[in-house]
Every structure is written in C-alpha cells, then in structure tokens.
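Data block below; observations after.
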Amino acid sequence: MTSLLSSLVAGLLLVNLVALGTSRISTVVRSVAVQGVLLGVLAVTAHGSLSLRVLAVALASVLLKGWLIPRILFRALDQVAIKREVEPSLGLLPSLLLGAFATVLAVAAASRLPLAETRLAPLLIPASLATVASGFIVITTRRKAISQVLGYLILENGIFIFGLLLLEAMPFLVEAGVLLDLFVGIFVLSIILHHINREFASLDTRRLSLLKE
Amino acid sequence: MPPLPVILPLVMAVVVFATPSKRWRPRLLAVTAAAHLAVTVAILAGSAPAGGGAWLRLDAPGRLLLGVVSLLFLACALYSVGYLRYRVERANRRFCACMLAALGTMSLVAYAQHLGLLWVGIEATTLATAPLIYFNRTARSIEATWKYLVISSVGIALALLGSFFVGYAALLGGGEASLLFGDLLGAASGLSKPWLRAGFTLLLVGYGTKLGLVPMHTWKPDAYGEAPGVVGAILAGGLTSCAFFALLRLTQITAAAGEGVYANRLLVAMGLVSMGVAGALMLGQRDLKRMLAYSSVEHMGILVVAIGLGAGATFAALLHLVNNAFGKGAMFLAVGNIHRAFGGKTTTEVHGAIRRLPLSGTLFLLGLFAVTGSPPFGFFLSELLILKAAFADHRWLVAGLFLGFLLLVFAGMGATSLAALQGRPPKSARTSSYRDSFATFAPALGLLGLVLLFGLHLPEAVRTLIADAAAVLEVGR
Numbered sequence: 001m002t003s004l005l006s007s008l009v010a011g012l013l014l015v016n017l018v019a020l021g022t023s024r025i026s027t028v029v030r031s032v033a034v035q036g037v038l039l040g041v042l043a044v045t046a047h048g049s050l051s052l053r054v055l056a057v058a059l060a061s062v063l064l065k066g067w068l069i070p071r072i073l074f075r076a077l078d079q080v081a082i083k084r085e086v087e088p089s090l091g092l093l094p095s096l097l098l099g100a101f102a103t104v105l106a107v108a109a110a111s112r113l114p115l116a117e118t119r120l121a122p123l124l125i126p127a128s129l130a131t132v133a134s135g136f137i138v139i140t141t142r143r144k145a146i147s148q149v150l151g152y153l154i155l156e157n158g159i160f161i162f163g164l165l166l167l168e169a170m171p172f173l174v175e176a177g178v179l180l181d182l183f184v185g186i187f188v189l190s191i192i193l194h195h196i197n198r199e200f201a202s203l204d205t206r207r208l209s210l211l212k213e
Numbered sequence: 214m215p216p217l218p219v220i221l222p223l224v225m226a227v228v229v230f231a232t233p234s235k236r237w238r239p240r241l242l243a244v245t246a247a248a249h250l251a252v253t254v255a256i257l258a259g260s261a262p263a264g265g266g267a268w269l270r271l272d273a274p275g276r277l278l279l280g281v282v283s284l285l286f287l288a289c290a291l292y293s294v295g296y297l298r299y300r301v302e303r304a305n306r307r308f309c310a311c312m313l314a315a316l317g318t319m320s321l322v323a324y325a326q327h328l329g330l331l332w333v334g335i336e337a338t339t340l341a342t343a344p345l346i347y348f349n350r351t352a353r354s355i356e357a358t359w360k361y362l363v364i365s366s367v368g369i370a371l372a373l374l375g376s377f378f379v380g381y382a383a384l385l386g387g388g389e390a391s392l393l394f395g396d397l398l399g400a401a402s403g404l405s406k407p408w409l410r411a412g413f414t415l416l417l418v419g420y421g422t423k424l425g426l427v428p429m430h431t432w433k434p435d436a437y438g439e440a441p442g443v444v445g446a447i448l449a450g451g452l453t454s455c456a457f458f459a460l461l462r463l464t465q466i467t468a469a470a471g472e473g474v475y476a477n478r479l480l481v482a483m484g485l486v487s488m489g490v491a492g493a494l495m496l497g498q499r500d501l502k503r504m505l506a507y508s509s510v511e512h513m514g515i516l517v518v519a520i521g522l523g524a525g526a527t528f529a530a531l532l533h534l535v536n537n538a539f540g541k542g543a544m545f546l547a548v549g550n551i552h553r554a555f556g557g558k559t560t561t562e563v564h565g566a567i568r569r570l571p572l573s574g575t576l577f578l579l580g581l582f583a584v585t586g587s588p589p590f591g592f593f594l595s596e597l598l599i600l601k602a603a604f605a606d607h608r609w610l611v612a613g614l615f616l617g618f619l620l621l622v623f624a625g626m627g628a629t630s631l632a633a634l635q636g637r638p639p640k641s642a643r644t645s646s647y648r649d650s651f652a653t654f655a656p657a658l659g660l661l662g663l664v665l666l667f668g669l670h671l672p673e674a675v676r677t678l679i680a681d682a683a684a685v686l687e688v689g690r
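Sequence lines, in order, name chains Y and D. The first sequence begins at 1 in my numbering and counts up one residue at a time. The second sequence begins at 214 in my numbering and counts up one residue at a time.
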C-alpha cells in the first residue's frame, strides 16, 4: 500500500512539473485531468478500508476533475480558437525550476511542522503544499486568462490532497459543496472567458487593463 | 430539512429563472425578499423554529447576520423593481435568479457552524454575485468580473487550506478531528500551535481577500465600480458582512487557543494599513463608485482593527458592521440613481447632482456624513466605541493612526462628493430621462434612516441582538 501511495504522490508532483514546463495549453489541461484521476485513486488508497463515503468522494472527484472540467475547458479552447501556446511572462524553464524549488521547500517546511504519527501525513502534506505552490506559479506567471483557470485548478487539487487527511471531519455535505462550488466556478469562468474573447478579441490578460487608477 | 431562510431563496431562484414573464421576475424577487424578512423576523422573535442540525444552526451571531442580510436585501430587492423597470431593454432573468441565489447563500453563511460549510457558503456567495457584476455586458464590466472571480476564488481557496490546517491542528491535539465551531472552541487549548498560526494566517488572507483588505483589495474598486449600484450595495453590505463573521469566529478560536496576541497583532496591522491605503487612494479619486469601494476597504479596515483590539471591542465591531451594511447599502443605491441621471459616474460628467436629483443627491450628501463618522449617525457611535476600546487598552498609537486615517478619508471623500453634488448640472445630463421615483429612492432612504436611528437611539431589540452575539463571540477571548 505504502509503495502505491508514494508512487501516486510522485505521480502528482510529476504532473505539477509537466504543467509548469509545457508550452501547449492543451497539455496543461490534460495534466490537470490526469491529476484529477490520480486524486481519486489517492483518496481510495489513503483510506485502507473502503467506505461508501470515501468511494463517493473519489468517484465524484474523478468524474468532475478528470472528465467534466477538462471537457468544459477544451470546449472553451475550441470556441475561442486561440493560439495554443501558454505565453508565460516568466520563461518555461525558470518557472519549472521555481516549481521544483517550491517542492523542495514544501518538503522542508513539512518536516519542521509537527505531524500526526500516521503513514499519510509525511507524504500528503508536502505533496499538498508543493501542488498549491505550483498552482500559484501558474496563476502568476501566465498571461492567458485560461491559464489562470488552470492554475486555480492545480491549487484546488493541492488543497484536496490536504483534505484527505481530514476526511473524517468533513461531512459528505461539505465535500459535495466544495466540489459543487468548484464546478460552478469553472462553469462561470468559462462563460466569462468567452465574453472576454469576444470583447477584447484576445485572452491575453495584459489587455484587461481598462480599469486602472 | 435545511432551514427555511436558506432553502426559500434558493428554490425561488430556480422558480424565477424558469418564469417566462420579464415583468413578473422582479416582482417575485421582491415578494421573496419580503417573505424572507418575515420568516427571519419570526425566527428572531422566537415565534418560529430556526431549523437546522449540528452543522446548520442559528446561534446569536448567526441571528444578527441573518437579520442584517435579510433587511438589506429587502431594500435592494424593492430598489431592483424600479431599477429593472428603468433598464427594461436588458434581460433580467439571470439578474433576478442570481440575486436570490446570493440571498440564499448569505443565509447559509449565517447558519453555518462548520468551518468547511462556512467556506462553501462564502465561495457560493462569490459565484452567485459574479454574473450580477457583468449585468451591463460592457468590456469594462467583463474585465471587472474576471478579476473579481479569479482573485476572490484564489483567495478563498487559501481560506479552505487554512480551514484544513485548523482541522489538522485539532487532529494533532489528540481530539477527534472536527471542524465544528463548538468542538474547536472546546478543544482550543489542545490545538497544535504552529498549525493553528499557519491556518489563521491563511484564513486571514483568504477571507481578507473577500473583505478587500489591503493588499488583496485590488478587485474591489473594479467590481464595485462596474457593477450596478444595487449590486454594489449587496457586495459592500452583505457579502463583506459574511466574510467578516467568518473572520470573527476564527479569531475567537485562535484566541481561545492562546494565540490571541499573535492574531490581534496581525489584525490591527492589516486593518490600519487598509484604512491608510484606502484613504490615500480616495484623495483625488474622480469616480464616485470607486470612491465608495475604497470607503468599503476603509470600513473593513476599521472592523478588523476593532476585532484586533480584543474582546472589549466586539460590541463596537458588530454595531459598526450593522451600520456599514445599511449605510453602504444606502450610498450605493443613491449613487446608482446619480449614475443613471448623468450617464456617468465620474466628477467630469457629474456636477450639480443635488439640483438634478434633489432627493438622491441630498441622500448621498447625508450618507457621506454618515459613513465618514459624523454625528448623529450610527457610524459616529460605533467608531467612538472602537476608539474608546483602544484608549482603555492604552493603545495610543493605534488610536492616533485610526483618527488620522478617518480624517484623511473625510477629506478625500468630501472633496470628490462635493464636486459631484454642487454646481450646475451639465447640458448632457438633461438628456437622461431618469427622475427619482419612489421605488428607487425609498429603499435608500429607509436604510439611511436606520443608520440615523442607531446613532440617535439604539432600539432595545437591536441592542439585545448585538449584545447577545457579542457575548457568544467573546467566550474564550
């Protein structure tokens, strides 16, 4: 079990780096989808015993993050017919290195904080913090509006990993609410993406500068 | 069975969305708002059950929040009837449905007793209000909505991580991992300190983004500036109140765990910086709605300073919250009228608003005095109480800066507002057909009247509501 767990976590971290290092937006969407599926498997693996609730959370996460949201994003990509490159304001290699550095930092930070004596925490906490940091890097260093949505999804995935430690404290109602909020959020964002493209003839956030002091 | 104040507006949002008649949707909106207030009053008076269970329960702070939100919303709904009659060329399906969804989700925040559920509610208020901001479908409003959604969502995501950190702090404390406020308060002394501190900081940044504290305030002037006035009233009066209650509850847990000094220091620093920066950005501000947005940043700063001053200022903070909700609501409704009458909202286009709109113009002037803390309005009382708490604690520097920033704000807001209110209306303003009507003026007058009443004589029922909420929130601090 532990070896499966560590390979899953390694996979998640690898996906972060792929998302940071690729020049194609569609690859970023795919990596976010893969991450969503990995998260579902991780949720089941992390809780050795299979309960209905864990299964439901895992299934909902796989369906939403691995299938539905990527579909919405691919549709948005098709509709707006933008150039398929990510156009980072910070080069791909520097942002990749930054992501790797953040991962190391996350491991170091987690080792300094007190952890519960479980097999999960030492793996999940650094993975969560590193994924949150990667999401932040994507949000802040990419110019396309859709990249900011993707960065937000990666950030949200990182938070989901942390949430696995607290599955007992979270009523199913809350889990469902979080996923519903995420879905509605992405849905609304994709509608506005469409409007941005129509009004500004671009998805470049540098054009979003009408409102200034 | 979910409680009625939460479920009623959400069901009606669906009904309104499905209603084919454009004329009936605003009416249904107003009727639902009135029904919501009736149910709320019955619950507050104790003649109707509040409903809910362990996660959804209406405690004293929740009662206060529900009352404030419900009353503010009714004023906004009545105003919307007049507003949408005027903007008859616009589709109103999404507007009416999203308004009701916002009411339902704000009520959910009032009921939430679980950190996770609280988060779900606050994120849902963001999503429900986003389509309202781009009601006008201009390039500017789309840009504002984008910034609002992206910045708020990322900020609130951090608050979720912070909530998880607090939950993990409880797990390490040996207790069972629970995110219910009651359980967290009971187990506060055992919470793991490093995780709690990190969690509190993330929550402050997260919900601080929603409040619009500096430096996470950047979305606020854009969103408030481009949204219709009535939406600004909901955002500045309702949504900020929800986020503030979240922060208040978390500060209570953090203080009960013995980390109050750390939390208070952060809160006072952030609050004062917000007040100062907002004041500086108001100087020379030409856009009336953006000016009100910075005024909202300033008032959030005041509120955060007030909680940072410790338990003694809780009553003052809650009173200020009530004043802010109604006072800002009135101001945004009035500025919406001015915007329509002049076809613009900057001091280049707007002159002589008092001549052009004697009612809304005068109301805006009175509102200006109210929100800048002049007597006899309620803001004066609550700001005085906050200052008193600072003096009682011998926080001379805090009190001095607080007063200085209030003066700065008065100067900035006064100059901009007077430039718009005085003088002769430009010729272009005469082309607009807008005149003050009962539906677009009375709700603003009612809200400002309440702020005046709170300053002259705080009604016993309101005082009890606030005092009960303060008593619950002071436990452990």
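All C-beta atoms in this analysis are idealised placements derived from N, C-alpha and C, irrespective of residue type, glycine included.
Terminal residues of the alpha helix (DSSP H) in which residue i lies
i                      : result
residue 157 of chain Y : 145-163
residue 536 of chain D : 527-555
residue 16 of chain Y  : 2-21
residue 663 of chain D : 651-669
residue 636 of chain D : Residue 636 of chain D -> no alpha helix (DSSP H), and no H or E assigned at all.
residue 396 of chain D : 394-399
residue 348 of chain D : Here residue 348 of chain D belongs to no alpha helix (DSSP H), and DSSP marks it neither H nor E.
residue 235 of chain D : Here residue 235 of chain D belongs to no alpha helix (DSSP H), and DSSP marks it neither H nor E.
residue 113 of chain Y : Run containing residue 113 of chain Y: none; DSSP gives neither H nor E here.
heavy atom of the ligand NAD below 7 angstroms from residue i C-beta
i                      : result
residue 118 of chain Y : Absent from the structure shown: the ligand NAD. Ligands present: none.
When the options are compared against residue i, the one with the closest alpha-carbon
i                      : options                       : result
residue 207 of chain D : D:544, D:418 and D:404        : Only positions 214 to 690 of chain D appear in this structure, which leaves residue 207 of chain D out of reach.
residue 596 of chain D : D:551, D:520 and D:559        : D:520
residue 380 of chain D : D:393, D:371, D:370 and D:368 : D:393
residue 369 of chain D : D:453, D:661 and D:260        : D:453
residue 448 of chain D : D:303, D:503 and D:437        : D:437
residue 646 of chain D : D:474, D:685, D:365 and D:570 : D:570
residue 689 of chain D : D:677, D:405 and D:524        : D:524
residue 443 of chain D : D:548, D:640 and D:259        : D:548
residue 412 of chain D : D:616, D:358 and D:476        : D:476
residue 558 of chain D : D:499, D:243, D:457 and D:540 : D:499
residue 142 of chain Y : Y:122, Y:159, Y:203 and Y:187 : Y:203
residue 623 of chain D : D:489, D:461 and D:418        : D:489
residue 48 of chain Y  : Y:118, Y:209, Y:154 and Y:125 : Y:118
residue 11 of chain Y  : Y:122, Y:177 and Y:41         : Y:41
Neighbour flag for residue i against chain D, beta carbons, 8 angstroms
i                      : result
residue 171 of chain Y : yes
residue 68 of chain Y  : no
residue 181 of chain Y : yes
residue 87 of chain Y  : no
residue 79 of chain Y  : no
residue 114 of chain Y : yes
residue 195 of chain Y : yes
Cβ-Cβ separation, residue j to residue i (assumed contact under 8 angstroms), whole Å
i                      : j                      : result
residue 103 of chain Y : residue 130 of chain Y : 4 angstroms
residue 531 of chain D : residue 277 of chain D : 6 angstroms
residue 487 of chain D : residue 584 of chain D : That belief does not hold up - the Cβ atoms of residue 487 of chain D and residue 584 of chain D are roughly 15 angstroms apart, past 8 angstroms.
residue 294 of chain D : residue 319 of chain D : Not a contact, Cβ separation roughly 20 angstroms.
residue 19 of chain Y  : residue 32 of chain Y  : 7 angstroms
residue 147 of chain Y : residue 16 of chain Y  : Their Cβ separation, rounded to whole angstroms, is 14 angstroms, which puts residue 147 of chain Y and residue 16 of chain Y out of contact at 8 angstroms.
residue 479 of chain D : residue 614 of chain D : Residue 479 of chain D to residue 614 of chain D, Cβ: 16 angstroms. No contact.
residue 510 of chain D : residue 425 of chain D : 5 angstroms
residue 315 of chain D : residue 342 of chain D : 5 angstroms
residue 536 of chain D : residue 592 of chain D : 5 angstroms
residue 95 of chain Y  : residue 69 of chain Y  : Incorrect: roughly 23 angstroms between the Cβ atoms, too far for contact.
residue 514 of chain D : residue 493 of chain D : Going by Cβ atoms, the distance from residue 514 of chain D to residue 493 of chain D rounds to 12 angstroms, so no, they are not a contact pair.
Min CB distance residue i to chain Y below 8 angstroms
i                      : result
residue 300 of chain D : no
residue 366 of chain D : yes
residue 237 of chain D : no
residue 355 of chain D : yes
residue 380 of chain D : yes
residue 562 of chain D : no
residue 511 of chain D : no
residue 374 of chain D : yes
residue 416 of chain D : no
residue 333 of chain D : yes
In chain order, which beta strand (DSSP E) runs of at least 3 residues are fully inside the segment 449-477 of chain D? Runs of the beta strand (DSSP E) lying entirely within the segment 449-477 of chain D and spanning at least 3 residues: none are present.
Which whole runs of the alpha helix (DSSP H) in the segment 580-621 of chain D are 4 residues long or more, in chain order? Taken in chain order, the complete alpha helix (DSSP H) segments of 4 residues or longer contained in the segment 580-621 of chain D are 591-605.
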